[in-house]
Each structure stands twice: as C-alpha cells, then as structure tokens.
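Number of protein chains: 2
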Amino acid sequence: MRHPPMLSFMRWCALLLLVLPLLARAADPLPSWQDGPSRQAIEAFVTAVTTEGGKDYVAPAERIAVFDNDGTLWSEQPAYFQVLFALSELKRMAPEHPEWKQQQPFKAALEGDQQTLAKSGMAGLLQIVLATHSGMSSAQFIQNARHWLDTARHPTTGRRFTEMVFQPMLELLDYLRANGFKTYIVSGGEVVFMRAFAEEVYGIPPEQVIGTTLGSRFEEKAGRLSIQRLPKLVHNDDGVGKPESIDRIIGRRPLFAFGNSDGDLQMLQWTMAGPGKRFAGLVHHTDAKREWAYDRNSKVGRLDKALSAANRGNWTVVDMAREWRRVYPFESPR
Amino acid sequence: MRHPPMLSFMRWCALLLLVLPLLARAADPLPSWQDGPSRQAIEAFVTAVTTEGGKDYVAPAERIAVFDNDGTLWSEQPAYFQVLFALSELKRMAPEHPEWKQQQPFKAALEGDQQTLAKSGMAGLLQIVLATHSGMSSAQFIQNARHWLDTARHPTTGRRFTEMVFQPMLELLDYLRANGFKTYIVSGGEVVFMRAFAEEVYGIPPEQVIGTTLGSRFEEKAGRLSIQRLPKLVHNDDGVGKPESIDRIIGRRPLFAFGNSDGDLQMLQWTMAGPGKRFAGLVHHTDAKREWAYDRNSKVGRLDKALSAANRGNWTVVDMAREWRRVYPFESPR
Numbered sequence: 002m003r004h005p006p007m008l009s010f011m012r013w014c015a016l017l018l019l020v021l022p023l024l025a026r027a028a029d030p031l032p033s034w035q036d037g038p039s040r041q042a043i044e045a046f047v048t049a050v051t052t053e054g055g056k057d058y059v060a061p062a063e064r065i066a067v068f069d070n071d072g073t074l075w076s077e078q079p080a081y082f083q084v085l086f087a088l089s090e091l092k093r094m095a096p097e098h099p100e101w102k103q104q105q106p107f108k109a110a111l112e113g114d115q116q117t118l119a120k121s122g123m124a125g126l127l128q129i130v131l132a133t134h135s136g137m138s139s140a141q142f143i144q145n146a147r148h149w150l151d152t153a154r155h156p157t158t159g160r161r162f163t164e165m166v167f168q169p170m171l172e173l174l175d176y177l178r179a180n181g182f183k184t185y186i187v188s189g190g191e192v193v194f195m196r197a198f199a200e201e202v203y204g205i206p207p208e209q210v211i212g213t214t215l216g217s218r219f220e221e222k223a224g225r226l227s228i229q230r231l232p233k234l235v236h237n238d239d240g241v242g243k244p245e246s247i248d249r250i251i252g253r254r255p256l257f258a259f260g261n262s263d264g265d266l267q268m269l270q271w272t273m274a275g276p277g278k279r280f281a282g283l284v285h286h287t288d289a290k291r292e293w294a295y296d297r298n299s300k301v302g303r304l305d306k307a308l309s310a311a312n313r314g315n316w317t318v319v320d321m322a323r324e325w326r327r328v329y330p331f332e333s334p335r
Numbered sequence: 002m003r004h005p006p007m008l009s010f011m012r013w014c015a016l017l018l019l020v021l022p023l024l025a026r027a028a029d030p031l032p033s034w035q036d037g038p039s040r041q042a043i044e045a046f047v048t049a050v051t052t053e054g055g056k057d058y059v060a061p062a063e064r065i066a067v068f069d070n071d072g073t074l075w076s077e078q079p080a081y082f083q084v085l086f087a088l089s090e091l092k093r094m095a096p097e098h099p100e101w102k103q104q105q106p107f108k109a110a111l112e113g114d115q116q117t118l119a120k121s122g123m124a125g126l127l128q129i130v131l132a133t134h135s136g137m138s139s140a141q142f143i144q145n146a147r148h149w150l151d152t153a154r155h156p157t158t159g160r161r162f163t164e165m166v167f168q169p170m171l172e173l174l175d176y177l178r179a180n181g182f183k184t185y186i187v188s189g190g191e192v193v194f195m196r197a198f199a200e201e202v203y204g205i206p207p208e209q210v211i212g213t214t215l216g217s218r219f220e221e222k223a224g225r226l227s228i229q230r231l232p233k234l235v236h237n238d239d240g241v242g243k244p245e246s247i248d249r250i251i252g253r254r255p256l257f258a259f260g261n262s263d264g265d266l267q268m269l270q271w272t273m274a275g276p277g278k279r280f281a282g283l284v285h286h287t288d289a290k291r292e293w294a295y296d297r298n299s300k301v302g303r304l305d306k307a308l309s310a311a312n313r314g315n316w317t318v319v320d321m322a323r324e325w326r327r328v329y330p331f332e333s334p335r
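Sequence order for the protein chains is F and Y. FYI, the numbering used here numbers position 243 of the first sequence as 244, with every residue one higher than the one before it. FYI, the numbering used here numbers position 246 of the second sequence as 247, with every residue one higher than the one before it.
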C-alpha cells in the first residue's frame with residue numbers, strides 16, 4: 002500500500018520521535034551514570050587525553066588505567082568475597098585435614114566460632130587463606146575458584162558473587178577500552194582467584210590482573226608438569242604494595258586510577274604524581290539501600306585518609322547513592 | 002605521446018616483470034629467513050593456529066608468544082651485555098664509593114683483574130649487579146641504562162649494543178603481532194634494564210617484559226614520590242623461574258616460545274605441555290663468521306639439555322649460519 006507523500010513523511014517523523022530516545026540511550030556509553038560531577042569529570046578527562054592535537058593528548062600506549070577490585074568493581078560486604086571463599090573451601094577440604102579440628106584458627110572457622118576467629122586477627126586469616134589457596138596446582142586452584150563462584154550465594158542478597166559487580170564500573174571499563182585504554186586490576190585480592198572470573202565478568206584478561214601473590218614452584222612429577230602453589234605470601238598488593246607492583250609488572254605509571262579505600266591511597270597518589278593531565282577516582286559507598294554505606298570507620302574497605310586526600314587533591318569521589326542509576330546489572334535503572 | 006596499443010601493453014608487461022620481485026619482497030614478512038625448515042615450521046604453525054574454522058585454530062586472546070632475550074633476540078658474547086653495563090656503571094659510580102677500592106669483587110672489577118673477578122663467581126657478579134642496579138629510583142635507573150645504551154660500544158664489533166639485535170627475530174616478532182599474537186620477553190636479564198630499550202628496539206611495551214627482578218620500595222621524601230630499587234634479588238628469571246613468572250604474571254600458558262639456551266628449557270617444556278598445536282624454537286649459534294658459534298660447552302648461553310630436548314621433541318632449531326640471510330640489521334642480506 003502506498004501513502005500520499007505528505008502522510009508518509011509525517012509517519013516517518015512520528016517514528017523518529019519514538020525511536021530517538023532509544024538511539025540516544027544506545028549511543029550513551031555510560032547509561033548507568035547520572036549526569037553528575039563524576040560522569041562529567043570522567044568524560045572531560047577522556048576527551049582531553051584522546052583528542053589528537055589537543056594540549057592534553059596522550060598516546061594510546063600510555064593510556065594505562067588501573068582499578069582496585071574489592072569495593073571498586075564489586076561489593077565487599079559483609080566481608081571480602083575471597084574471605085567467604087576461603088571459609089567455604091576450609092569446610093570443603095576439612096575431611097582431608099582432620100588436624101584442623103584441633104588447630105586454631107581452623108577449629109574456630111569450622112565451628113563458626115566468630116569470636117575466636119576474630120581474635121586470631123589478620124595472622125589467623127592469612128593462615129586460612131594460605132591453607133585453602135595453596136598445596137595444589139594453579140590450574141586446580143582456578144577450577145576450585147570457578148566452582149565456588151558458580152555455586153555459592155551471597156549471604157544477604159542470595160545472588161552469585163559475580164552478579165554483585167557494579168554496572169556503572171563495567172560501563173566505565175568498556176568506555177575506557179573503546180577509547181584506547183588498557184584496563185588493569187590492581188587489587189589486594191589474590192591474583193589467581195581474580196583471574197578465575199576477571200576476563201568473563203570484567204573483560205580483563207589474566208595478564209592484566211595484578212594482585213596479592215603466593216609463592217609457586219615449577220614441578221615435574223611422573224613426566225607431568227605443573228605450577229604448584231606454595232603456602233607463602235610473596236607480595237601483599239595493598240597500600241604501598243600497589244605502586245610497587247605497578248612499577249614492577251606494568252613498568253609505567255598509570256594515567257587513570259580508581260579505588261575505594263585507604264588501601265588504594267598510594268596507587269592514586271602515584272598515578273596523580275606524574276606529569277600532565279591525570280585522573281584519580283574513588284567509589285564512595287553511600288547507598289545503604291541498594292548496596293552498603295560505610296567509609297571512615299568501616300572495618301572492611303575503610304575510606305578515611307584516601308577520602309581526605311581526594312578532597313585536598315580534587316580527585317573524583319563518586320557518590321554511589323546520588324550518581325549511579327543502578328548499582329548491579331540485575332537491577333532496573335532508576 | 003601515445004603509443005600503438007600493442008606496444009603499450011608490451012611496455013607494461015616489461016615493467017611488471019621488473020617490479021614483481023620487489024613486490025614479492027615487500028609482501029614477504031620474513032625476508033631475512035632462508036626458505037629452510039625453520040621458516041617453513043614457523044609459517045605452517047602460524048597459518049594453522051590463525052585459520053578460522055581450522056582444527057588448530059586458537060583465539061587471539063590465547064596467542065601468547067614468549068621470547069628469551071640474551072642470545073635469542075640479541076647477541077650475548079663475549080659476555081651478557083648487561084654484565085658489561087654493570088662493569089661500566091661500576092667504574093662510573095666508583096668516585097662516590099671509595100670503599101670499593103678495598104672490597105672484593107669491586108676492587109678486581111675496577112682494576113680489570115679478570116682472574117680474581119672470575120674466582121668471585123656468580124655471587125661476585127650478583128654483588129656487582131646489585132651495587133650498580135639499586136640505590137636509585139626506577140626512573141633514574143632507566144636513564145642510566147639509556148645513557149649507556151646510547152654511548153657504549155661492543156668490544157669486538159664497535160657497534161651499539163642495540164644494533165646487535167637479530168634482524169630475523171625482529172621480523173618474526175612483527176610477523177607474530179601481525180597475526181594477532183601478543184609478544185612477551187621472558188628473560189634472565191633484569192626487567193627494568195630491558196624495558197629501557199625493548200619498546201623502541203623490539204616493539205615490546207614495558208608491561209610485556211618479564212625478567213629477573215629486584216626488590217623495590219615506594220618512598221615519599223619531602224613530598225616527592227618514587228619507587229626506590231633495593232639491593233635484593235627477589236626473582237631469578239632463569240630455568241624454572243621462567244614458567245613460574247609466566248604463570249604469576251601472564252597467568253596463561255604461552256602458545257609459542259623461543260629461546261637459545263638451557264635457561265629456556267623449562268619455558269619451552271611448559272609451552273609444549275599444553276593441549277593442541279604449539280611451537281617451541283631454539284636459536285642455535287652456528288655462525289662464527291657473522292656472529293658466534295657455541296652450544297654444549299659454552300660458559301655463556303650453554304645449549305646442551307635444551308638441544309637434546311629439542312631433538313627428542315621435534316622442536317624447531319634454527320641453524321643461524323644456514324637459515325638466516327642476515328644476522329644484524331646493519332648487514333646486507335646474502
């Protein structure tokens with residue numbers, strides 16, 4: 002059926018009016034970010050360093066972006082997810098370790114004796130992490146981590162842990178990569194644990210994941226080769242450990258860094274101390290309804306010194322409650 | 002002036018005949034490789050793993066290629082170039098270290114007393130490397146290395162050390178990258194020293210250089226931040242150290258590996274132990290005229306166990322004298 006020309010044109014206009022907002026949404030690389038100060042700062046920065054011939058232009062090879070993981074790319078409450086993994090693994094592995102029934106902090110962890118466990122402190126936690134993260138090959142450990150990530154559920158949301166990643170940060174990672182940035186994780190989390198999901202969930206390949214590191218040993222046994230994980234901490238990728246590992250492994254200073262806690266302070270300082278235009282950002286957990294609200298007094302992910310440094314240095318501080326249209330991918334945007 | 006059509010066509014044919022070999026040369030990604038067994042093995046492998054739909058196809062993300070540096074990408078005679086750098090730096094820095102005049106192995110090194118120096122062995126060499134490679138920031142050390150690389154000359158060829166890179170290997174690096182491979186250095190050389198020239202000379206960015214590693218410390222002094230290099234060996238990237246660092250830093254198994262000495266054996270074994278089609282190559286120094294000839298009995302770059310493993314495993318062994326049309330970029334091809 003043919004319409005008179007004028008009618009056709011009007012129908013076309015009406016259609017366009019319907020479709021335009023969808024097109025605009027499709028073209029928006031950061032749809033989960035409100036048009037607030039953080040989004041504006043990110044977009045202005047990326048435009049500045051990618052505009053050829055502009056005074057702030059930076060060659061693609063130098064566009065290194067580093068992200069903390071816990072509390073920056075995914076949630077970290079009520080405890081670091083990797084700690085929940087270690088406690089779960091301890092239970093799974095307990096039948097092969099009858100001695101744990103008598104030894105602290107294993108006994109307390111297996112019995113759910115939170116008070117004794119808490120008393121064992123960071124040293125106790127490290128023992129649990131080492132016991133569950135070593136004594137097998139890297140390949141086997143990745144399988145263990147993936148099995149847990151596929152099956153375990155978060156204690157309050159009931160979601161898989163890999164669902165509890167921040168949708169606005171996923172968009173930010175994509176946006177930076179589309180603008181020629183190489184995106185890295187630089188996190189206190191153990192590096193092989195993060196590699197078990199970083200590529201699938203964040204689009205960050207194993208070789209761009211830096212983290213806390215255990216000792217390892219190349220082993221040949223009955224003609225089979227493996228890399229065995231040793232119960233020994235060789236690098237704690239937190240605080241000063243972050244710029245140290247960045248210098249050791251990446252070998253150049255990042256142009257862009259995002260964190261959320263005092264453990265990220267030195268990484269952000271190191272990033273900003275370079276020449277030219279640079280970007281430092283913090284996720285500020287201000288949203289008790291959709292996620293959690295905590296900062297200067299939190300036990301997990303304390304944000305105190307880094308928040309003060311951000312205020313002094315004019316870094317970007319993301320107010321999660323106000324600036325994120327949604328927190329998790331499974332939510333509808335508001 | 003117009004020619005009769007037939008004459009024009011004949012002139013065009015004659016021109017084509019003249020130009021064709023040049024076009025073929027321009028299209029050849031490996032012009033310095035004779036059409037011998039190594040070149041054929043490389044090309045067959047790359048074609049197999051990059052042919053979409055083929056049974057040996059490997060996704061680009063998994064195309065990790067690792068190269069040793071000393072003896073594989075550049076020469077290593079009469080001594081590792083980094084050792085020559087360390088000895089030169091020792092002399093340059095001596096005025097600030099009057100104590101070296103009395104201390105071995107520094108005294109012997111400064112006086113050119115080869116016998117005493119040799120007696121101090123690997124431990125003595127390590128002392129000299131640590132003394133000249135630490136006690137300053139990473140940024141300062143890179144400047145020192147670049148200054149030496151810009152000014153020092155090889156004792157027998159009189160060339161700059163960065164001219165003594167292997168032209169066929171430069172072509173191989175380019176060829177692999179053009180086929181979607183990510184090229185890495187994994188070398189016993191100290192990592193920051195290699196980063197001082199790897200990007201410019203090999204096209205390998207700092208974050209794809211893995212090597213022997215010193216301790217480092219993030220330092221804030223009078224408001225200035227730096228990464229200070231410590232006189233402490235934290236990783237020896239040789240032998241079993243290579244698959245260990247590959248697993249720790251890259252986090253996946255290479256698909257393609259090239260070395261030249263027994264220090265590369267485990268890296269090559271680790272590469273070949275994975276599933277599917279894989280490539281292991283050795284540069285065999287057989288060319289006493291253009292480079293050096295050495296293998297099973299050499300003190301530098303000994304190739305003994307790895308050569309036997311290559312023969313057993315059907316790895317590619319490059320006969321430098323026969324298979325390379327030229328060794329260095331400054332030579333004309335033969």
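Backbone N, C-alpha and C fix where the C-beta goes; we use that ideal spot for every residue, glycine too. All of these numbers come straight from a predicted model, not from anything done at the bench.
When you compare the CB of Ser139/F with every CB in chain Y, is at least one pair closer than 8 Å? yes
Please state whether the Cβ-Cβ distance between Phe82/Y and Phe167/Y is less than 8 Å. no
Can Ala311/Y and Val319/Y be called in contact, C-beta distance under 8 Å? no
Residues of chain Y with CB closer than 8 Å to the CB of Ile250/F, please, in chain order. Glu208, Ile250
Contacting residues, own chain, Cβ-Cβ under 8 Å from Val284/F (five flanking each side not counted): Gly72, Thr73, Phe167, Met170, Phe259, Gly260, Asn261, Val319, Met321
Is the separation between the beta-carbon of Lys243/F and that of Arg64/F shorter than 8 Å? no
On the DSSP letters alone, give me the boundaries of the alpha helix (DSSP H) that Gln104/Y sits inside. Gln104/Y -> no alpha helix (DSSP H), and no H or E assigned at all.
Pull the bridge partners of Trp316/Y from the DSSP assignment, please. According to DSSP, which records beta bridges pairwise, Trp316/Y is partnered with nothing at all.
Unbroken beta strand (DSSP E) run spanning Glu221/F, endpoints: 210 to 222
Excluding the five sequence neighbours on either side, which residues of its own chain have a C-beta within less than 6 Å of the C-beta of Phe1/Y, listed in chain order? In the structure displayed, chain Y extends from 2 to 335; residue 1/Y sits before or after that span and is not available.
Alpha carbon to alpha carbon, what distance is there between Gly224/Y and Ser274/F? Note that residue 274/F corresponds to Ala in the displayed sequence, not to Ser. Their Cα atoms are separated by approximately 10 Å.
With a 10 Å radius around its C-beta and 16 neighbouring C-beta atoms as the bar for buried, classify Gly264/Y as buried or exposed. buried
With a CB to CB cut of under 8 Å and the five nearest residues on each side skipped, what residues in its chain are close to Arg178/Y? Thr184, Gly204
Just tell me which of Ala49/F, Gly212/F, Pro38/F has its CA closest to the CA of Leu256/F. Ala49/F
Ala146/F - partner residues in DSSP beta bridges: DSSP output for Ala146/F lists no bridge partner at all.
Are the CB atoms of Ser121/F and Gln105/F nearer to each other than 8 Å? yes
Between the CA atoms of Ser217/F and Asp248/Y - distance to the nearest angstrom: 9 Å
Note down, in chain order, every chain Y residue with its Cβ under 9 Å from the Cβ of Val59/F. Residues of chain Y passing the Cβ test: none, with the nearest at roughly 14 Å.
Is Arg233/F helix, strand or coil when you go by DSSP? One point to set straight first is that residue 233/F is Lys, not Arg, in the sequence displayed. In the structure shown, Lys233/F sits in a strand (DSSP, three-state: E or B).
Roughly how many angstroms separate the alpha carbons of Ser76/F and Glu292/F, rounded to a whole number? 8 Å
Return the residue from the list Arg230/F, Arg279/F, Val235/F that minimises the CA-CA distance to Met137/F. Arg230/F
Looking at the secondary structure, which residues open and close the beta strand (DSSP E) in which Tyr126/Y lies? Looking at the sequence itself, residue 126/Y is Leu, so the reference to Tyr does not match. Here Leu126/Y belongs to no beta strand (DSSP E); instead the alpha helix (DSSP H) covers 115 to 134.
So, using beta-carbon positions, are Val193/Y and Asp238/Y closer together than 8 Å? no
C-beta neighbour in chain Y for Ser217/F, strict 8 Å: yes
Comparing C-alpha positions only, which one of Phe10/Y, Arg12/Y, Leu16/Y, Trp325/Y sits nearest to Glu172/Y? Trp325/Y
Give me the subset of the region 116 to 150 of chain F whose CB atoms are less than 8 Å from a CB atom of chain Y, sorted by chain position. Ser139
Kindly indicate if chain Y contains any beta-carbon less than 8 Å away from that of Ala87/F. no
Please work out which residues of its chain come closer than 7 Å, Cβ to Cβ, to Ala80/F, disregarding the five sequence neighbours upstream and downstream, and give them in chain order. Val301
Just the chain Y side, please: which residues come within less than 8 Å of Pro244/F by C-beta, in chain order? Phe219, Leu226, Ile228
Contact defined as beta carbons within less than 8 Å: I believe Gly212/F pairs with Gly190/F. What is the distance between those atoms, to the nearest angstrom? 5 Å
Counting only beta-carbon separations shorter than 8 Å, does Arg253/Y have a partner in chain F? yes
Skipping 5 residues on each side, what residues in its chain have a beta carbon closer than 8 Å to that of Arg335/Y? Arg326, Arg327
Please state whether the Cβ-Cβ distance between Leu85/F and Ala132/F is less than 8 Å. no
Distance check for Thr51/Y and Asn1/Y, CA to CA, integer angstroms please. There is no way to answer for residue 1/Y, as the model of chain Y reaches only from 2 to 335.
Starting from the Cα of Ala45/Y, find the closest Cα among Gly314/Y, Lys278/Y, Thr287/Y, Leu308/Y and give me that residue. Lys278/Y
Which residues DSSP lists as bridging Thr52/Y, in chain order: Beta-bridge pairing links Thr52/Y to no other residue.
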